[in-house]
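So the protein sequences, as listed, match chains A and B. Position 227, counted from 1, in the first sequence is what the working numbering calls 288; the numbers after and before it change by one each time, with no gaps. Position 225, counted from 1, in the second sequence is what the working numbering calls 286; the numbers after and before it change by one each time, with no gaps. Have a look at the structure below, then the notes.
Protein chains: 2
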Amino acid sequence: MPPSAPPKRVRKSPEARRAEIVARAATIALTEGLECITMRRVADDLAVRPGLISHYFPVAEELVAEAFGTAAGEELEELMPAERPAGSALVSLAGFFARSTGPRYDDMSRLWLNARHLSRFRPVLAERVAVQEAAWRDRLTRLLREGAAEGTFHPEDPAVAAIQILVVLDGLGVHANTDRSDRPPAVTNMAVITAERALGLTPGSLLDLVDAARNAAPTPTAATPTPAPRTPPPTAPTTARTPADTAPTA
Amino acid sequence: MPPSAPPKRVRKSPEARRAEIVARAATIALTEGLECITMRRVADDLAVRPGLISHYFPVAEELVAEAFGTAAGEELEELMPAERPAGSALVSLAGFFARSTGPRYDDMSRLWLNARHLSRFRPVLAERVAVQEAAWRDRLTRLLREGAAEGTFHPEDPAVAAIQILVVLDGLGVHANTDRSDRPPAVTNMAVITAERALGLTPGSLLDLVDAARNAAPTPTAATPTPAPRTPPPTAPTTARTPADTAPTA
DNA sequence: TTGCCTATTGGTCATGCATCCAATAGCGTT
DNA sequence: AACGCTATTGGATGCATGACCAATAGGCAA
Chain A
62 MPPSAPPKRV RKSPEARRAE IVARAATIAL TEGLECITMR RVADDLAVRP GLISHYFPVA
122 EELVAEAFGT AAGEELEELM PAERPAGSAL VSLAGFFARS TGPRYDDMSR LWLNARHLSR
182 FRPVLAERVA VQEAAWRDRL TRLLREGAAE GTFHPEDPAV AAIQILVVLD GLGVHANTDR
242 SDRPPAVTNM AVITAERALG LTPGSLLDLV DAARNAAPTP TAATPTPAPR TPPPTAPTTA
302 RTPADTAPTA
Chain B
62 MPPSAPPKRV RKSPEARRAE IVARAATIAL TEGLECITMR RVADDLAVRP GLISHYFPVA
122 EELVAEAFGT AAGEELEELM PAERPAGSAL VSLAGFFARS TGPRYDDMSR LWLNARHLSR
182 FRPVLAERVA VQEAAWRDRL TRLLREGAAE GTFHPEDPAV AAIQILVVLD GLGVHANTDR
242 SDRPPAVTNM AVITAERALG LTPGSLLDLV DAARNAAPTP TAATPTPAPR TPPPTAPTTA
302 RTPADTAPTA
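Right, here's the structure in full:
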């Protein structure tokens, strides 16, 4: 009997394999951070050799950007579905705020924080971040605009209102890695209150709906049972190496 | 003549050297990012051997935390001086907002973004971030409280108002690494407007003062002439190694 | 069934980093 | 002026990462 079982290789279609890789990377991004997306790490998770990953993503940064885009995109879909019942603007918005709370959303906050910082060093990621930012902004803007058409919202400018709401959400989200237990309600509910003001809703009306939605659905996808801590990484800089400066090779 | 000049060593007092190291690290943190604070990098900048740095900071993470604390502390002092003329609450607040804009403040936003993200992996840094966060919050709270005593501000709760203002500033700050050129005034001035609301000021009054302050002092410490780009670092994770697991050595 | 295309493997290489350590040389003290 | 303390040097180690490549084997097509 051979020392170690002769590793039998599974051969998948490029599309399937690529999708598998991106999906795995997206999960890592969401639960452990973009810095943890490494050729070796993804390969290990998929029980595959590192070389395979770099075969699909010759440049690591590309995979990171792809992972972020996928994760952020899927989260957007879950938080603010593109498809929604007609005349449901108010309820949809309340649902969005309800879902934008709790540990479930913390992962998302952490991811955005992560991506926005890393964008400083990774152009490709920065581009993806810009795209997702626009996507979130546009979808919220659309919701507000449709709500205005329905007669429930009365924003001066839907686009501006959307940005204001997102800015507040971002401001609250930056503390995802910090203690927020002693936050007063006037702070916790800032996003909702901002929305009420920007949309000309009677104070407290939206907040009531949000609270109701929160109690109705304790947590959509079940509370994250502690993602997968694994030993975290400090993150050491690596001057963006181009494939060339690793030695031209003979 | 010897190949390379026999490096003459300068011997400084531990306090002086340590201060020198921290100062340098703080500058790097502010201009290039916390990930760029590396034993080698700091040593190079100070024309000293890496070993010296690790002599003063056996664990790298400690230096990073120290650098952040110093940088953030000094910035706070510049943006919201502890000492200020009596009865100047309104003007002081306006000055704070005026200084909290433009490229000068972008470095600070980037640093906070950086620190908050890195806190996810570095406990020591996280602790420092919490301390600085409290410092900023407390100083702003004090300013608001004193302004209330002076009769110029009318906050329901100074502490809450302070947090709300900071949350908005944070929300605006997360885009420090992104394009913000197409931001409407209603967004750019969100922090000021939030302050006016939270402090019961007549709409636009504070904003006028801020604009005046902006024009008066184009930029405190002169516009940063493009920090020191140096080749940026992607940032590769390193499972936090304890000094022990590097091999006990015989 | 045979054969070819290519997905996948199994390493190699160079680089960057933190940590550790023995030897050296400033500089204040005696 | 000689001494001793310790700040500083000069390497050595070990680890992790991304990039690169020739050889192998999986499975669809002929």
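Positions of the beta carbon are idealized from the N, C-alpha and C atoms, including for glycine. Keep in mind it's a predicted model, so treat the numbers as computed, not measured.
Min CB distance residue i to chain A below 8 Å
i	result
Ser180(B)	yes
Gln25(B)	Missing from the structure shown is residue 25(B); chain B here goes from 62 to 311 and no further.
Val83(B)	no
Asp167(B)	no
Asn238(B)	yes
Ala187(B)	yes
Val190(B)	yes
Gly130(B)	no
Val221(B)	yes
Gly148(B)	no
Gly232(B)	yes
Arg171(B)	yes
Arg101(B)	no
Leu177(B)	Looking at the sequence provided, one finds Arg at residue 177(B) rather than Leu. Closer than 8 Å: yes.
Chain-order list of residues whose beta-carbon lies under 6 Å from that of residue i (same chain, five-residue window excluded)
i	result
Ala87(B)	Ala128, Thr131 and Ala132
Leu91(A)	Ala132, Asp168 and Leu172
Ala187(A)	Ser180
Gly208(B)	Ala150 and Phe214
DSSP state of residue i mapped onto helix, strand, coil
i	result
Gly156(A)	helix
Glu38(B)	The structure shown does not extend to residue 38(B), since chain B is modelled only from 62 through 311, so no value can be given for it.
Ser170(A)	helix
Leu186(A)	helix
Ala237(A)	coil
Ala278(A)	coil
Ser74(B)	coil
Asp243(B)	coil
Asn175(B)	helix
Arg79(B)	helix
Arg165(B)	helix
Val103(A)	helix
Pro295(B)	Unreliable positioning characterises Pro295(B) in this predicted model, as indicated by a pLDDT of 45, which lies under 50. The coordinate reading is nonetheless provided below. In the structure shown, Pro295(B) sits in coil (DSSP, three-state: anything other than H, G, I, E or B).
Thr285(B)	Any reading at Thr285(B) must be qualified, since the residue scores a pLDDT of 45, below 50, and its modelled position is unreliable; the value itself is stated next. Coil.
Thr263(B)	coil
Same chain, Cβ closer than 7 Å to residue i, five either side skipped, listed in chain order
i	result
Pro264(A)	Glu257
Val71(B)	none
Pro111(B)	Met100, Arg101 and Ala104
Leu204(B)	Met141, Ala150, Ser153 and Leu154
Ala220(A)	Thr202
Interface flag, residue i vs chain B, CB-CB below 8 Å
i	result
Gly261(A)	no
Gly156(A)	no
Leu174(A)	yes
Thr307(A)	Here the model assigns Thr307(A) a pLDDT of 28, short of 50, so the residue's position is not dependable, and the following value carries that caveat. It does not; no Cβ of chain B falls within 8 Å.
Val228(A)	yes
Ile224(A)	yes
Asp106(A)	no
Val235(A)	yes
Gly94(A)	yes
Ala284(A)	Residue placement at Ala284(A) is poorly supported in this model, since its pLDDT is 45, which falls under 50; the coordinates are not used for a value here.
Gly112(A)	no
Ala70(A)	A small correction: the amino acid at residue 70(A) is Arg; Ala does not occupy that position in the sequence shown. Chain B contact via Cβ: absent.
Arg25(A)	In the structure displayed, chain A extends from 62 to 311; residue 25(A) sits before or after that span and is not available.
Arg145(A)	no
Burial state of residue i (16 or more Cβ within 10 Å)
i	result
Ser74(A)	exposed
Arg101(A)	exposed
Pro142(A)	exposed
Ala283(B)	With a pLDDT of 47 at Ala283(B), under the threshold of 50, the modelled position of this residue cannot be trusted, and the question is left open.
Ser266(A)	exposed
Arg241(B)	exposed
Ala93(B)	The amino acid occupying residue 93(B) in the given sequence is Glu; Ala does not appear at that position. Buried, by the Cβ-count rule.
Gly156(A)	buried
Ala278(B)	exposed
Pro216(A)	buried
Beta-carbon contacts of residue i that lie in its chain and below 8 Å, excluding the five residues immediately before and after
i	result
Leu174(B)	Gly234, Val235, Ala237 and Asn238
Leu227(A)	Trp197, Arg198 and Leu201
Leu137(B)	Gln193, Ala196, Trp197 and Arg200
Met251(B)	Val229, Gly232 and Leu233
Pro268(B)	With the sequence shown as reference, residue 268(B) is identified as Leu, and Pro is not the correct amino acid for it. Asn250, Val253, Ile254 and Glu257.
Gly148(A)	Glu211
Arg85(B)	Val103, Asp106 and Leu107
Residue i beta carbon near the ligand FAD (any heavy atom closer than 7 Å)
i	result
Glu194(B)	The ligand content of the structure shown is nil, which means the ligand FAD is not present either.
- Taking any Cβ of chain B, which residues in the stretch 192–214 of chain A have a Cβ under 8 Å from it, in chain order? The stretch 192–214 of chain A vs chain B, Cβ under 8 Å: Glu194.
- According to a CB-to-CB cut-off of less than 8 Å, which residues of the stretch 242–256 of chain A neighbour chain B? Taking 8 Å as the Cβ-Cβ cut-off against chain B, the residues of the stretch 242–256 of chain A that qualify are Arg244, Pro245, Ala247, Val248 and Met251.
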